[in-house]
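Everything below concerns the one structure shown next.
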Amino acid sequence: MREVFVLGVGMHPFGRFPDTPLRALAGAAARAALRDAGVGPREVQAAYFANALGGLLTGQESIRGQIALREAGVAGVPVVNVENACASGATAFHQAVLAVGAGACDIALAVGAEKMFVGDTGQTLRALAASADVELTHDMGLQFTAIYAMRIQARLASGSLALRHLAEVTVKSHRHGRLNPYAQHRKEVTAEEVLASRPIAGPIRLLMCSSVSDGAAAAVVCSAEVARRRASATAIRVLACQLRSGALGAGREGQLSTAARTVNAAWEQAGLGPEDIDMVECHDATSPGELLYYEDLGFCKAGEAARLLEDGDTCHTGRIPFNPSGGLTSRGHPVGATGLAQIAEAVWQLRGEAEGRQIARARVALAQNSGGWLEGDSAAGVATVLAR
Amino acid sequence: MTAAPGVPAYRQAPGEPPSLVGSRCRGCGWISFPARPVCGGCGAEPTDEVPVGRSGRIRSSAVVHHAPIGFEPPYIVALVELEEGPIVFCPITGCPPEEGAAAPGTAVVLTVAPARPGGTPVFQFRPAHA
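Taken in order, these protein sequences are the chains called A and B.
Each residue of the first sequence is one higher than the one before, starting from 4 at the first, in the numbering used here.
Each residue of the second sequence is one higher than the one before, starting from 73 at the first, in the numbering used here.
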């Protein structure tokens with residue numbers, strides 16, 4: 004594969020934007036990324052558009068990408084609609100990287116957008132629950148927070164995590180999110196407030212959950228030649244980008260998780276390991292999920308997540324900051340946009356442009372996006388390693 | 073959303089205990105749920121449909137406090153490891169909806185009932201001692 008670079012990124016802030024349609028969210032993020040890259044819309048040679056729930060929430064199927072990308076002046080070129088649950092955004096990025104890496108084009112655009120505030124929260128939650136096998140889970144009362152709750156509850160029962168750790172990682176998430184102008188939740192919370200908030204499922208409380216959100220994010224990727232000719236000082240190298248689906252029998256005893264298999268493939272591609280990483284954006288759809296990823300992604304041994312948190316290693320000023328953006332919990336989780344928002348945050352951090360939330364040493368970053376749920380594990384996973 | 077025309081998840085003959093519909097590889101014996109024509113363990117064909125999941129153990133569970141429309145919280149959902157190996161998601165019935173009532177390792181048996189008032193019958197598990 005040829006070398007691939009991220010030339011520009013952009014976002015529409017995440018939050019509640021009742022008067023902004025999906026296409027406008029997507030268009031704003033795409034235009035911001037193109038401006039950032041110094042690329043005109045007619046220079047884009049292929050585009051990948053990620054959206055997970057629009058079909059169920061608006062009834063618009065099939066050509067959401069072609070509609071949305073017109074808002075950024077991108078049309079006529081190949082447009083591929085990407086749907087891969089909460090991993091849709093990073094999947095679109097992965098496809099753009101493959102297209103450039105394979106030499107099929109020199110400039111590709113990946114856009115992820117989601118419009119979840121549609122005036123009926125019940126409808127949005129039903130659409131989210133459709134990221135499991137609906138034929139098997141129909142009418143069983145599945146809601147996605149319970150999936151995290153089951154895993155966390157088992158860890159509480161075994162004693163390797165305590166309620167205070169769930170509260171502390173939530174406080175950290177909101178402290179980071181407060182500094183991110185693109186985040187939906189920009190208010191610090193206390194551990195007491197977290198534990199006093201409404202119970203959602205098992206030990207998971209309202210303030211630990213990522214929110215229903217509207218938003219979009221985008222990235223322009225290009226070949227080495229294009230990166231050299233343009234703003235090469237700010238081009239970020241893609242050292243690895245790996246996409247996996249959940250394995251058959253994934254959740255059974257002794258099986259590696261989808262996230263672990265995905266990140267292992269990324270380490271292999273990059274020739275790096277967790278010890279080489281300066282920051283991580285991980286898929287904390289509930290804040291305590293971040294604790295599980297410390298172990299799953301290899302940043303500590305099994306059972307040692309609590310210590311990594313307590314030592315302060317993963318906070319903004321720590322040895323290996325996790326989710327300096329606030330993560331899904333504080334940034335918000337417009338599902339099709341999340342994976343590209345992780346990429347955007349990593350790029351801003353690596354370029355030293357993250358302003359108030361800039362971490363001290365950002366040379367190599369990992370972005371990890373999960374999606375869907377099958378046989379007790381994620382149905383999709385993407386791991387991306389970026390370097391300045 | 074309406075009920076999808078589903079894969080046959082369970083069967084229940086009159087007067088018989090229900091079972092889940094799985095498949096067993098003729099080559100390696102690996103059990104799949106739901107039943108699939110290709111083995112999930114070794115990738116070979118053919119497989120034979122077999123009844124599975126009359127019993128299992130709770131892998132993990134959680135009490136749901138904020139429920140989808142139509143459901144009456146609190147209730148328990150769980151991942152159950154079937155005695156034949158597959159992991160399934162379903163509600164847990166026959167015990168109080170409290171943390172610890174369906175703790176990891178609890179032996180459970182299959183039952184079929186609606187999980188909400190007026191719901192369609194779905195497969196669930198209940199503690200074996202209940």
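All C-beta atoms in this analysis are idealised placements derived from N, C-alpha and C, irrespective of residue type, glycine included.
Of all residues in the stretch 121-138 of chain B, those with a C-beta nearer than 8 Å to a C-beta of chain A are R131, S132, S133, A134, V135, V136, H137, H138, reading in chain order.
A straight line joining the alpha-carbon of L312 (chain A) with that of A173 (chain B) spans about 30 Å. Taking a C-beta distance under 9 Å as the contact criterion, L294 (chain A) and V266 (chain A) do not qualify as a contact pair. Assignment of M211 (chain A) by DSSP, reduced to helix, strand and coil, places it in the helix class. Comparing C-alpha distances from V223 (chain A) to each of A:R26, A:A49, A:H15 shows the shortest one belongs to A:A49.
Per DSSP, V172 (chain A) is one residue of the alpha helix (DSSP H) stretching across 166-181. Nearest to P89 (chain B) by alpha-carbon distance, out of B:A139, B:V110, B:P199, B:T183, is B:T183. Residues of the stretch 106-117 of chain B that bring their beta carbon within less than 8 Å of a beta carbon in chain A comprise P106, G112, G113, in sequence order. The beta-carbon of E88 (chain B) is placed no less than 9 Å from the nearest beta-carbon of chain A. Excluding sequence positions up to five before and after T148 (chain A), its CB lies within less than 7 Å of the CB of I203, A204, I207, C212, T289, all in the same chain and listed in chain order.
Within chain B, the residues F161, C162, V194 have their CB atoms less than 9 Å from the CB of T140 (chain A), given in chain order. In the DSSP assignment, L331 (chain A) forms no beta bridge with any residue.
The C-beta distance from R198 (chain B) to G166 (chain B) rounds to 3 Å, short enough to meet the 8 Å contact threshold. According to the DSSP secondary-structure assignment, Y82 (chain B) is paired through a beta bridge with B:L92. Along the stretch 138-165 of chain B, the beta strand (DSSP E) occurs as fully enclosed runs of 3 or more residues at 147-154, 159-164, listed in sequence order. E358 (chain A) and G94 (chain B) have their C-alpha atoms roughly 55 Å apart.
For Q63 (chain A), the nearest beta carbon of chain B is not closer than 9 Å to its own beta carbon. Rounded to whole angstroms, the gap between the alpha carbons of R364 (chain A) and P277 (chain A) is 15 Å. With a threshold of 16 other beta carbon atoms within 10 Å, S65 (chain A) falls short and is exposed. The Cβ neighbour count for T320 (chain A), taken over all protein chains shown within 10 Å, is under 16; the residue is labelled exposed. Within the stretch 257-289 of chain A, the alpha helix (DSSP H) runs of at least 4 residues that lie entirely inside it are, in chain order, 261-273.
Below the 8 Å Cβ cutoff, chain A contributes D142, M143, G144 as neighbours of A187 (chain B), in chain order. Under the criterion of beta carbons closer than 8 Å, Q352 (chain A) and I362 (chain A) qualify as touching, at roughly 6 Å. Across the structure, D217 (chain A) and N84 (chain A) are spaced so that their CA atoms are roughly 19 Å apart. A262 (chain A) has a beta carbon lying at 9 Å or more from every beta carbon in chain B.
DSSP places E121 (chain B) in the uninterrupted beta strand (DSSP E) bounded by 119-124. Secondary structure of F302 (chain A) (DSSP, three-state): coil. Between the C-alpha atoms of T23 (chain A) and D136 (chain A) there is a straight-line separation of about 31 Å. Separation of A179 (chain B) and E271 (chain A) (C-alpha to C-alpha, rounded to the nearest whole angstrom) is 41 Å. Within the stretch 270-295 of chain A, contact with chain B at the beta-carbon level (separation under 9 Å) is assigned to no residue. Residue burial is scored here from C-beta neighbours: M14 (chain A) has at least 16 other C-beta atoms within 10 angstroms and is therefore classed as buried.
Using a C-beta cut-off of 8 Å, the stretch 100-119 of chain A makes contact with the stretch 40-60 of chain A, since at least three inter-stretch Cβ pairs fall below that distance. Judged by DSSP secondary structure, D217 (chain A) falls within the beta strand (DSSP E) whose first and last residues are 217-226. Under the criterion of beta carbons closer than 8 Å, V367 (chain A) and L275 (chain A) qualify as touching, at roughly 7 Å.
In this chain, the alpha helix (DSSP H) harbouring Y151 (chain A) covers 147-161.
Chain-order list of chain A residues neighbouring A150 (chain B): M153, by C-beta distance under 9 Å.
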